[in-house]
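Peer 1: First residue of the sequence shown: 384, per our numbering; consecutive thereafter. Got a structure here, written out as structure tokens. Questions coming.
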Amino acid sequence: MNLSLRKVALAVGCLVFAGPLLAADASKEPKRPECIAPAAPGGGFDLTCKLAQSALVNEKLLTKPMRVTYMPGGVGAVAYNAVVAQRPADAGTLVAWSSGSLLNLAQGKFGRFDETNVRWLAAVGTSYGAIAVKSDSPYKNLDDLVQALKKDPGSVVIGSGGTVGSQDWMQTALIAKAAGIDPRKLRYVALEGGGEIATALLGGHIQVGSTDISDSMPHIQSGDMRLLAVFSDKRLDEPEMKDIPTAVEQGYDIRWPVVRGFYLGPKVTDAEYEWWKNAFDKLLASEDFAKLRDQRELFPFAMTGPELDAYVKKQVADYKMLAKEFGLIQ
384 MNLSLRKVAL
394 AVGCLVFAGP
404 LLAADASKEP
414 KRPECIAPAA
424 PGGGFDLTCK
434 LAQSALVNEK
444 LLTKPMRVTY
454 MPGGVGAVAY
464 NAVVAQRPAD
474 AGTLVAWSSG
484 SLLNLAQGKF
494 GRFDETNVRW
504 LAAVGTSYGA
514 IAVKSDSPYK
524 NLDDLVQALK
534 KDPGSVVIGS
544 GGTVGSQDWM
554 QTALIAKAAG
564 IDPRKLRYVA
574 LEGGGEIATA
584 LLGGHIQVGS
594 TDISDSMPHI
604 QSGDMRLLAV
614 FSDKRLDEPE
624 MKDIPTAVEQ
634 GYDIRWPVVR
644 GFYLGPKVTD
654 AEYEWWKNAF
664 DKLLASEDFA
674 KLRDQRELFP
684 FAMTGPELDA
694 YVKKQVADYK
704 MLAKEFGLIQ
């Protein structure tokens with residue numbers, strides 16, 4: 384990604400950091416830092432953890448890399464419950480989250496815990512939802528897919544991260560709604576994140592993947608996969624992305640940014656939380672971090688601390704309204 388993409392920040396609500404930034408206090412550095420990716424390896428949560436793993440060491444904010452561990456289940460629910468209930472005061476443990484996590488929270492899919500039960504730490508970038516097919520798929524554009532769904536909604540096997548009501552499900556539900564199709568008639572296979580979606584798609588187990596552009600780009604570049612649409616406002620100004628059409632330009636007014644970031648357990652102390660916040664404030668202002676983020680096909684979106692907490696809670700409220708519209712909650 385080129386540096387002109389910094390301008391995208393305003394469009395997606397990215398904060399511009401100004402003024403002096405506090406360096407992280409090395410004496411308070413967590414002893415055994417860990418990043419939990421709440422899905423199988425290879426998807427967006429994995430990407431998010433590994434971005435922070437590299438960047439925090441490169442910026443000398445950590446003296447040794449965080450280890451990345453995987454805790455799949457419930458598209459984030461297992462990790463959320465484990466941290467809140469079993470490791471609430473572990474200041475060394477970050478957990479990756481995405482907009483999909485917030486959508487699931489809005490629907491009560493994380494059990495007895497809600498968006499108030501963790502300490503929202505940082506948002507470090509955004510991707511966009513996308514609809515993927517194998518390179519030899521008969522569907523050449525979004526309308527080809529819509530026509531097939533109109534003819535027989537159950538004839539197309541769609542892989543999505545999570546079950547009905549998940550972020551990936553919502554993307555195809557919005558397509559179905561725009562086309563006058565009942566989204567509950569679509570045929571879904573629930574998978575754990577972008578890595579499993581890509582594996583199932585390339586293995587021929589599903590015909591369409593509802594995913595995001597960051598997860599998809601390695602397979603796009605290898606020639607194994609195509610994107611029928613990306614859910615951004617306009618085409619993404621990148622050499623490898625500029626030919627991918629948006630849903631909007633194909634007549635489907637659907638936009639779905641996928642913000643990515645980290646949270647901490649609810650009983651992490653204020654001092655420990657501030658150490659991490661200062662580290663991420665410094666990181667997010669770094670040009671070296673911007674290059675690492677761009678290499679991982681993420682676009683600018685930087686937010687930490689109380690501002691992020693307010694953003695998360697507003698997003699959850701908005702997602703609740705959307706879930707009610709689709710009859711997913713009362």
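Even for Gly, the Cβ is constructed at its ideal location relative to N, Cα and C.
For residue 329, which residues of its own chain have a beta-carbon under 6 angstroms away from its beta-carbon, when the five flanking residues on both sides are left out?
Peer 2: Nothing about residue 329 can be read from this structure; the chain reaches only from 384 to 713.
Peer 1: Please tell me whether residue 467 and residue 496 are closer than 7 angstroms, where the distance is taken between their beta carbons.
Peer 2: Yes.
Peer 1: Candidates 511, 424, 419 and 656: which alpha carbon is nearest residue 617's?
Peer 2: When only C-alpha atoms are compared, the closest one is 511.
Peer 1: Does DSSP put residue 449 in a helix, a strand or coil?
Peer 2: Three-state result, residue 449: coil.
Peer 1: In this structure, how does DSSP classify residue 518 when only helix, strand and coil are distinguished?
Peer 2: If DSSP states are grouped into helix, strand and coil, residue 518 belongs with coil.
Peer 1: Does residue 595 come out as helix, strand or coil in the three-state DSSP assignment?
Peer 2: Reduced to three states, the DSSP call for residue 595 is strand.
Peer 1: Kindly provide the ranges of any alpha helix (DSSP H) runs that are 4 or more residues long and lie completely inside the stretch 574 to 629, ordered along the chain.
Peer 2: Listed in chain order, they are 576 to 585 and 596 to 605.
Peer 1: Can the beta-carbon of residue 508 be found closer than 7 angstroms to that of residue 684?
Peer 2: A contact, by the Cβ cut-off of 7 angstroms.
Peer 1: Go to residue 688, then tell me how far its alpha helix (DSSP H) extends in each direction, as first and last residue.
Peer 2: Counting along the chain, the alpha helix (DSSP H) containing residue 688 begins and ends at 688 to 708.
Peer 1: In chain order, what residues of the same chain lie with their CB nearer than 6 angstroms to the CB of residue 698, ignoring the 5 residues before and after it?
Peer 2: Once the five neighbours on either side are set aside, the close Cβ partners of residue 698 are 485.
Peer 1: Evaluate residue 553 with the Cβ neighbour count: other Cβ atoms within 10 Å of its Cβ, from every protein chain shown; 16 or more gives buried, anything less gives exposed.
Peer 2: Buried, by the Cβ-count rule.
Peer 1: So, are the CB atoms of residue 637 and residue 557 less than 7 angstroms apart?
Peer 2: Yes, the pair counts as a contact, with Cβ atoms nearer than the cut-off.
Peer 1: State whether the stretch 538 to 554 contacts the stretch 570 to 581, with contact taken as three or more CB pairs (one from each stretch) at a distance under 8 angstroms.
Peer 2: The answer is yes - the stretch 570 to 581 touches the stretch 538 to 554, with three or more Cβ pairs under 8 angstroms.
Peer 1: Quick one: what does DSSP say residue 406 is sitting in, helix, strand or coil?
Peer 2: Residue placement at residue 406 is flagged as unreliable, the pLDDT there being 45, under the threshold of 50; the coordinate-derived value follows with that caveat. Of the three classes helix, strand and coil, the one that applies to residue 406 here is coil, per DSSP.
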